[in-house]
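Numbering (our numbering), first residue to last: 1 to 397. Quick reminder that beta carbons are idealized off the backbone N, C-alpha and C, glycines included.
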Amino acid sequence: MQSTRQRVRLRTVQRFRWCRAKGSADTPSISLSPVTPPSHGLPLSMLRWWDAFEQSDFARSIPLGNRYRERGFSLAELNDGCLSGKVVLITGATAGIGRETARVVAAAGAITVLGCRNEAKGKAVLEELTASSPGADVSLLPLDLASRASIDAAAAQFKARHTALHVLINNGGIPASASPLRLADGVEECFQVNHMGHFQLTLALLPLIKASSPSRIVHVSSSAHRYAPLHERWLSLSFLNDDSSHSMVERYGMAKLAQLSFSNELHRRLQASGCTQVLSNAVHPGIVATGLVTDNARNNFGPVLGFLIEVVMGLRNKVMAYDVTDGALTQLYAAASHNLTTGGGYYVPIAQPWRIAHPLGDDEAFGKALWTFSEELLARSDDTDSRACANVTAGSQ
Ligand SMILES: NC(=O)c1ccc[n+]([C@@H]2O[C@H](COP(=O)([O-])OP(=O)(O)OC[C@H]3O[C@@H](n4cnc5c(N)ncnc54)[C@H](OP(=O)(O)O)[C@@H]3O)[C@@H](O)[C@H]2O)c1
């Protein structure tokens, strides 16, 4: 015998399912029993709210049951030998999503090159991968994305060792530090490591990537690109390096938006030059349980804020993040899936095409301006760095 409370609950659930199945916000025509007080029915506004939530960037970033895991891509796709014998370079392969991506591509038979700035960590990962995939062809490439000289040396070393590059995964990254911001090679550190380092590396290796086509370039961006300022003024060294112009969240947003915009502009240029077999795509891996924010929190954000960030982000990693296995899937899709045949896309977990949340992300004029600005930054002398820094210091006084 059902209690009144149970009957009310059952009817509420039925009403919820009915509305969802109908796919409409209309009031259902079933008559509700008089024992159901209206206040116990699930309000339709709540259904709309839930639908909106499910379609949001945030919901896409976290594992919501199996709903998103089931679609897009699974590792079984790599069993057909699509990566066998292909040369794959992954930046930031010593930790988190990059290490997992390297593990999968090495196991799938690719000639796997680990771009890493920390030799000891690189060797440990190399040993781990050769142990888990005996016979795998894995090697290290010293690469510090914070340094133009290191990137030049890495590109030269790569070209001396390999005659092809089929997949470049621009994965390495850091969060932005709190105020005072840090510079790397004269440029705000987060922008340098996430965007500039990969811009320089990609251009240096592009002739080889084109000669190896069909080939792919994967840019690991983030849904945090939406935090970049809406105006274009930040395409200037003095703005980027000026602590008072932006918050640390905006700094990370600018770096990630730049990666996204670079991916799209590169796609347009490849198309225009007839290189239709070189695919440039960007991904947001999701909120993934790695040490991206927590590992260096006290160093980056100071002891108090750092501790709080460790606690909050640690909790976030435990309750609402993808594990690295699932977190690597979207970039593996962009790197290897036969189902992906076009460039210029933006993919979110798991392997779903998605909208860019920032108006500048897909803006052609902005893409061109960012490209020119990035080339100018690469071409500058150290003298220009000191002048820009002097201007910033003078401007902020
Ligand atoms: N985790 C997330 O929730 C999330 C969400 C959106 C986007 N992403 C993006 O996903 C990518 C991978 O992040 P993750 O979560 O796997 O972070 P992670 O665990 O901290 O790994 C970052 C990797 O980048 C490397 N790296 C950092 N600075 C470098 C430099 N100057 N030169 C070369 N390599 C450098 C690190 O090397 P070391 O081992 O030497 O430190 C490490 O291998 C990043 O681009 C990140 O922005 C992550």
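- Fewer than three Cβ pairs drawn from the segment 271-282 and the segment 302-309 lie within less than 8 Å of each other, which leaves the two stretches out of contact.
- In this structure, R251 lies near A176, with their beta-carbon atoms less than 8 Å apart.
- Here the segment 206-214 makes no contact with the segment 337-353; the two share fewer than three CB pairs at distances below 8 Å.
- Taking 8 Å as the cut-off, the beta carbon of G327 is found closer than this to the beta carbon of G286.
- The nearest non-hydrogen atom of ligand 1 is less than 7 Å from the C-beta of P285.
- Taking C-beta separations shorter than 7 Å and ignoring five residues to either side along the sequence, the partners of C82 in its chain run A336, H338, following chain order.
- Taking the C-beta atoms as reference points, L168 is found no nearer than 8 Å to L141.
- The segment 43-60 makes no contact with the segment 127-134: fewer than 3 CB pairs, one atom from each, lie closer than 8 Å.
- In this structure the segment 104-118 lies against the segment 155-172, because at least three pairs of beta carbons, one per stretch, are closer than 8 Å.
- Restricting attention to I309, S374, E54, the CA atom closest to the CA of N296 is found in I309.
- Under the three-state reduction of DSSP output, E188 falls in the strand class.
- Taking the C-beta atoms as reference points, S374 is found nearer than 8 Å to F199.
- With a 10 Å radius around the Cβ and a threshold of 16 neighbouring Cβ atoms, A76 comes out exposed.
- Contact check between the segment 186-198 and the segment 226-233: fewer than three CB pairs, one atom from each, fall below 8 Å, which does not count as touching.
- Proximity of the beta carbon of N194 to ligand 1 is indicated: a heavy atom of the ligand is located closer than 7 Å.
- In the three-state reduction of the DSSP assignment, V293 falls in the coil class, being assigned neither a helical nor a strand state.
- V348 and W354 have their C-alpha atoms roughly 6 Å apart.
- In chain order, N170, H198, Q259, L260, F262, S263, S280, N281, A282, V283 place their CB closer than 8 Å to the CB of H219, counting only its own chain and leaving out the 5 sequence neighbours on each side.
- Between the C-alpha atoms of E100 and G173 there is a straight-line separation of about 15 Å.
- When the beta-carbon positions are compared, G72 and A321 stay at least 8 Å from each other.
- In the DSSP annotation of this structure, the continuous segment of the alpha helix (DSSP H) that includes Y252 starts and ends at 248-272.
- The distance from the Cβ of A204 to that of D243 is about 31 Å, inconsistent with a contact at the 8 Å cut-off.
- S139 is classed as exposed because its beta carbon has fewer than 16 other beta carbons within 10 Å across all chains shown.
- If the five residues before and after V249 are omitted, its C-beta is found closer than 6 Å to the C-beta atoms of Y227, all from its own chain and listed in chain order.
- With a threshold of 7 Å, the Cβ atom of A297 does not count as near ligand 1, since no heavy atom of the ligand is closer than that.
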